[in-house]
Amino acid sequence: MHQPERVSLREVAPRDGLQNEPPVPAADKIRLIDALARTGLSRIEAVSFVSPKAVPQMADAAEVWAAVEKHPGIRYSALAPNRRGVERALDAGFTAVEVVVSASETHNKANIGRSVAESLAELPDICALAKERLAAIEVIIATSFGCPFEGDIAPAKVARIVEAAQEAGAGRVAFGDTTGMGTPRRVTELLDAVQPSAGPDLPMLMHFHDTRGTALANLLTALDRGITEFDASVGGIGGCPFAPGASGNVATEEVVHMLHDMGVDTGVDLDALIRTAELAQEIVGRPLESGVLRAGPRTSLTPRP
Numbered sequence: 001m002h003q004p005e006r007v008s009l010r011e012v013a014p015r016d017g018l019q020n021e022p023p024v025p026a027a028d029k030i031r032l033i034d035a036l037a038r039t040g041l042s043r044i045e046a047v048s049f050v051s052p053k054a055v056p057q058m059a060d061a062a063e064v065w066a067a068v069e070k071h072p073g074i075r076y077s078a079l080a081p082n083r084r085g086v087e088r089a090l091d092a093g094f095t096a097v098e099v100v101v102s103a104s105e106t107h108n109k110a111n112i113g114r115s116v117a118e119s120l121a122e123l124p125d126i127c128a129l130a131k132e133r134l135a136a137i138e139v140i141i142a143t144s145f146g147c148p149f150e151g152d153i154a155p156a157k158v159a160r161i162v163e164a165a166q167e168a169g170a171g172r173v174a175f176g177d178t179t180g181m182g183t184p185r186r187v188t189e190l191l192d193a194v195q196p197s198a199g200p201d202l203p204m205l206m207h208f209h210d211t212r213g214t215a216l217a218n219l220l221t222a223l224d225r226g227i228t229e230f231d232a233s234v235g236g237i238g239g240c241p242f243a244p245g246a247s248g249n250v251a252t253e254e255v256v257h258m259l260h261d262m263g264v265d266t267g268v269d270l271d272a273l274i275r276t277a278e279l280a281q282e283i284v285g286r287p288l289e290s291g292v293l294r295a296g297p298r299t300s301l302t303p304r305p
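Sequential numbering from 1 applies to the sequence shown in the UniProt record's numbering.
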């Protein structure tokens with residue numbers, strides 16, 4: 001198995017995690033982002049600039065971002081569904097923005113309110129705007145491994161979106177397992193389709209949900225194919241409000257726990273991360289599914305009777 005020395009994790013709980021919960025006060029979002037910044041994470045997706053009517057959980061994005069303690073060395077980013085959202089993110093001071101487009105027509109219309117072709121047609125203009133503002137654009141391809149409305153998604157369809165993103169000038173692509181339909185087989189098939197045409201110079205990131213318990217297996221499969229960038233969400237919170245069954249991002253502490261035991265560096269303090277997962281649990285007000293949060297790391301020993 002291919003094993004890199006280091007893996008880069010992007011924490012998505014403040015955005016992807018909290019968008020799937022009842023609205024959380026801005027002060028709690030700020031507490032969570034600042035706590036995550038003290039764990040050693042180097043990348044945090046902080047907010048999204050979307051319609052407050054469509055996603056009221058993110059209506060206070062500008063307020064939250066203005067109050068967050070910006071740590072040097074952390075790459076903070078925002079998600080946006082269209083040019084207007086990108087403009088709002090850039091105006092707020094972000095220098096890294098993720099634009100989401102779905103591989104599924106049905107999900108793209110439910111999530112963004114437009115066709116895939118319409119989303120892709122806007123990409124060159126978005127990338128030009130970002131370049132002018134000295135910002136980086138990443139294209140996240142949702143439902144890359146399957147759609148709850150349409151079923152299986154052909155890897156060739158995802159590959160065509162990757163090509164369009166490259167031609168538009170995007171600096172990175174990410175593959176979203178929006179409702180946890182991915183399996184190791186489907187990760188392999190997707191990478192077989194996209195890696196040869198994209199070439200070695202386009203950074204790729206994987207975003208796995210653990211809805212059906214396959215996220216860590218999927219991550220290991222991608223790791224074996226040379227992918228070293230992954231999204232994760234502290235406590236395993238998150239999902240898509242516009243995709244039925246889209247619960248449960250892979251928990252950041254579970255990813256870190258596994259990788260560290262493999263000898264792969266993440267730069268993250270696991271103990272601090274577990275404490276932050278406890279904070280996330282307190283904020284959402286319900287028990288979270290993360291096994292490492294519940295049981296602690298494997299080195300936690302029970303006192304002898």
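Ideal placement from N, C-alpha and C gives every residue a C-beta, glycine not left out.
None of these values were measured; they are calculated from a predicted model.
A direct Cα-to-Cα measurement between Ala135 and Ile274 gives close to 32 angstroms. Nearest to Thr95 by alpha-carbon distance, out of Met58, Ile140, Ala46, is Ala46. About 10 angstroms separates the beta carbons of Gly176 and Val12, which is beyond the 8 angstroms limit, so they are not a contact pair. Every alpha helix (DSSP H) stretch that sits fully inside the region 171-215 and reaches 4 residues is listed by chain position as 184-198.
With contacts defined as CB atoms closer than 7 angstroms, Gly235 and Ala295 fail to qualify as a contacting pair. If only complete runs of 4 or more residues are kept, the region 74-126 shows the alpha helix (DSSP H) at 83-92, 105-111, in order along the chain.
Between the alpha carbons of Val99 and Pro305 lies a gap of roughly 55 angstroms. The Cβ atoms of Arg186 and Phe145 lie closer than 7 angstroms to each other. Using a Cβ distance threshold of 7 angstroms, Leu190 and Phe208 do not count as a contacting pair. Taken atom to atom, the span from the alpha-carbon of Arg38 to that of Leu301 is near 26 angstroms. Around the C-beta of Gly263, fewer than 16 other C-beta atoms lie within 10 Å, and the residue is accordingly described as exposed. Counting of Cβ neighbours within 10 angstroms places Gln19 among the buried residues, the total reaching 16 or more. Here the alpha carbon of Leu9 sits roughly 11 angstroms from the alpha carbon of Ile227. Distance from the CA atom of Val50 to the CA atom of Met204, rounded to whole angstroms, is 24 angstroms. The Cβ atoms of Ala62 and Ala26 do not sit closer than 7 angstroms to each other. In this structure, the alpha-carbon of Asp271 lies about 27 angstroms from that of Gly180.
Of the residues assessed, Ser290 falls on the buried side of the cut-off, its CB having 16 or more other CB atoms within 10 angstroms. By the neighbour-count criterion, in which a residue is buried when 16 or more other Cβ atoms sit within 10 angstroms of its Cβ, His257 is buried. For Leu9, the enclosing beta strand (DSSP E) covers residues 8-11. Here the alpha carbon of Thr178 sits roughly 20 angstroms from the alpha carbon of Glu118. Annotation: Glu21 is outside any beta strand (DSSP E) and is labelled neither H nor E by DSSP.
In this structure, Gly17 sits away from Ser197, with a CB-CB distance that is not shorter than 7 angstroms. With a 10 Å radius around the Cβ and a threshold of 16 neighbouring Cβ atoms, Met1 comes out exposed. Exclusion of the five residues before and after Asp261 leaves Arg298 as the residues of its chain whose Cβ lies within less than 8 angstroms of its Cβ.
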